[in-house]
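Asker: Sharing a structure below in C-alpha cells format, with a few things to ask.
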Amino acid sequence: MSLLELENVTLRFGGVTAVNKVSFNVEEGEVFALVGPNGAGKSTIFNLISRIYNPVEGDIRFDGKSILQTPPHQIARLGIARTFQNIELFEQATVMQNLLVGRHRHRQSNMWTELGFTPFVRAEERRHREAIEKVIDFLDLQAYRDKYIAGLPYGVRKVVEMGRALAIEPRLLLLDEPASGLSVEETQDVAFWVEDIKKQMGVTVLMVEHDMHLVSAVSDRVLALADGKMLSLGTPHEVQNDPKVIEAYIGVADEHQEVLA
Ligand SMILES: Nc1ncnc2c1ncn2[C@@H]1O[C@H](COP(=O)(O)OP(=O)(O)OP(=O)(O)O)[C@@H](O)[C@H]1O
Numbered sequence: 001m002s003l004l005e006l007e008n009v010t011l012r013f014g015g016v017t018a019v020n021k022v023s024f025n026v027e028e029g030e031v032f033a034l035v036g037p038n039g040a041g042k043s044t045i046f047n048l049i050s051r052i053y054n055p056v057e058g059d060i061r062f063d064g065k066s067i068l069q070t071p072p073h074q075i076a077r078l079g080i081a082r083t084f085q086n087i088e089l090f091e092q093a094t095v096m097q098n099l100l101v102g103r104h105r106h107r108q109s110n111m112w113t114e115l116g117f118t119p120f121v122r123a124e125e126r127r128h129r130e131a132i133e134k135v136i137d138f139l140d141l142q143a144y145r146d147k148y149i150a151g152l153p154y155g156v157r158k159v160v161e162m163g164r165a166l167a168i169e170p171r172l173l174l175l176d177e178p179a180s181g182l183s184v185e186e187t188q189d190v191a192f193w194v195e196d197i198k199k200q201m202g203v204t205v206l207m208v209e210h211d212m213h214l215v216s217a218v219s220d221r222v223l224a225l226a227d228g229k230m231l232s233l234g235t236p237h238e239v240q241n242d243p244k245v246i247e248a249y250i251g252v253a254d255e256h257q258e259v260l261a
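If you count the sequence shown from 1, position 225 lands on 225 in full-length UniProt numbering, and the numbers rise without skipping.
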C-alpha cells in the first residue's frame, strides 16, 4: 500500500480546471517531486492534500484511508506536515518557540493537568523539548535557537520552517519550493537535508520545486504537470527527456531555463 494516493483528483476555480483528473501514488520512504510551469496546479495539489480545498472529483488517501472527511487542523495529527512557499513563521517568537508550535499535535495534557503542573505535564514538556533538540541538532540550528525569527536571514528562516514541520515527527513532509529565493550554496544544503530527512529520519517527502538541479539530485520520482493535467511520470531523467515536458516548457523557457539545461 502506498503512503499517499491521489485518484482522479479534480478541482475547478470558476472556469479554470486547476487540477484535472490527477492520479499518483507516493511510496513510503521516497522523495517525490511535482514540477511544471507556473499555473500547472502544483500548489493546488498541496492545498488539496492539506485539506484547504475539497476536490470536486476523486479521492485522496493517506495510509490507505480517505482523508476527504478530515478537517485541515487534524491533518498534522495524521502525520502530514508542510512548509509554505512564503515562509509562515511567528516573526516575534524565537526559533525554539516556533519549533514548539510544531509539537502541538503530540500534546496530551489538558488545561486542568497543566494548571496543576503535574509530574505528567513536566514529563510531557521534557519530551517535547527533547524532540525539538533532535531537530535543532539535525538541522544545525544551535546558533539560532534563542534568536527571534524577525532578525534572521531568509535562508535560515527556510531551514527553521522545515524544522517546525519536522518537529511534528511526520510520516509525510510536504515541501513547497524549498529552494526558492536561496543561493546555490543554500540550495545544496537543502539537497543534503532532504537526503538526510529521507535516509536518517525515514520521512517520505513530497516536494514542489522549480529548480530542476535540486529535483534531479534528490527525487526518486517526478510528476510533471501542465495546465492541471499530468504530462509525465517517472525518474527525473525520464521526465526531463520526455518530449511532452520539453514542449510544455518551451513557451516559458525564459522563466525556467534550468529545465531545459
Ligand atoms: N484560489 C484560487 N482562486 C482562483 N484560481 C486559482 C486559485 N488558486 C489557483 N488558481 C488557479 O489555478 C491554476 C493552478 O494554480 P497553482 O497555484 O496551483 O499553480 P502552480 O503550479 O502552483 O504555479 P506556481 O508555480 O506559479 O506556484 C492557475 O490557473 C491559478 O490561476
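The beta-carbon is built from N, C-alpha and C at its ideal position, and this holds for glycine as well.
Please read these numbers as outputs of a predicted model, since none were measured by experiment.
1. Using a Cβ-Cβ cutoff of less than 7 Å, which residues in the same chain neighbour V190 once the five nearest sequence positions on both sides are dropped?
2. How is D176 classed by DSSP in three states: helix, strand or coil?
3. Comparing C-alpha positions only, which one of G58, P71, G41 sits nearest to I52?
4. Determine the direct distance from the alpha carbon of N38 to that of D59, and round the result to whole angstroms.
5. CB-CB under 6 Å to M207, same chain, minus the five flanking residues each way: which ones, in chain order?
6. Using 8 Å as the threshold, is the stretch 185–202 in touch with the stretch 4–20, meaning 3 or more CB pairs across them?
7. Can you name the residues that DSSP bridges to L6?
8. My assumption, with CB atoms under 8 Å, is that V135 sits in contact with L173. Please give the rounded CB distance.
9. Counting by C-beta, which residues lie closer than 6 Å to a heavy atom of ligand 1, in chain order?
10. For the beta strand (DSSP E) containing R157, name the first residue and the last one.
11. Using 8 Å for Cβ pairs, my map puts E209 next to I87. What's the rounded Cβ distance?
12. Should residue 263 go down as buried or exposed, given a rule of 16 or more other Cβ atoms within 10 Å for buried?
13. Check the C-beta distance from V203 over to R171 and give it rounded, since I have them as a contact under 8 Å.
14. Determine the contact status of A131 and E169, defining contact as a CB-CB distance below 8 Å.
15. Is M1 closer than 8 Å to G41 when the C-beta atoms are compared?
16. Taking buried to mean at least 16 other C-beta atoms within 10 Å of its own C-beta, is F62 buried or exposed?
17. For V95 versus Y144, is the C-beta distance shorter than 8 Å?
18. Under three-state DSSP, which class holds V203?
19. Distance check for R221 and E133, CA to CA, integer angstroms please.
20. As a quick exercise: from A81, T17, F84, pick the residue whose alpha carbon is nearest that of residue 282.
21. What whole-angstrom Cβ distance do V31 and K199 have, given they're in contact under 8 Å?
22. Consult DSSP for L78 and reduce its assignment to one of helix, strand or coil.
23. How big is the Cα-Cα spacing for A217 and V239?
Answerer: Result, derived from the coordinates:
1. Listed in chain order, the non-local C-beta contacts of V190 below 7 Å within the same chain comprise P178, A179, L182, L214, local neighbours out to five positions each way being set aside.
2. Three-state DSSP puts D176 in a strand.
3. Closest by C-alpha distance to I52, out of G58, P71, G41, is P71.
4. When rounded, the distance between both Cα atoms is 24 Å.
5. Here the set comprises A33, L175.
6. With a cut-off of 8 Å, the stretch 4–20 and the stretch 185–202 do not count as touching, because too few Cβ pairs lie within range.
7. Under DSSP, L6 forms a beta bridge with F24, I60.
8. Contact flag wrong, Cβ pair sits at about 12 Å.
9. Taken from the N-terminal end onward, the list reads F13, V16, A18, G36, N38, G39, A40, G41, K42, S43, T44.
10. From DSSP, R157 is part of no beta strand (DSSP E) but of the alpha helix (DSSP H) over 154–167.
11. About 15 Å; that fails the 8 Å criterion.
12. Outside the displayed range of the chain (1 to 261) lies residue 263, so it cannot be described from this structure.
13. Distance from V203 to R171 at the Cβ level is roughly 7 Å; contact confirmed, criterion being Cβ atoms closer than 8 Å.
14. Yes, they are a contact pair.
15. Pairing G41 with M1 gives a Cβ-Cβ distance that is not under 8 Å.
16. Buried, because 16 or more other Cβ atoms sit within 10 Å of the Cβ of F62.
17. Between V95 and Y144, the C-beta gap is smaller than 8 Å, which places the two residues in contact.
18. Here V203 sits in coil by DSSP.
19. Near 32 Å, if we compare the C-alpha coordinates of R221 and E133.
20. Limits of the chain in this structure are 1 at one end and 261 at the other, which puts residue 282 out of reach.
21. So it is not a contact: roughly 10 Å between Cβ atoms.
22. Look at L78 here: in three-state DSSP terms it is helix.
23. Going by C-alpha positions, A217 is about 14 Å away from V239.
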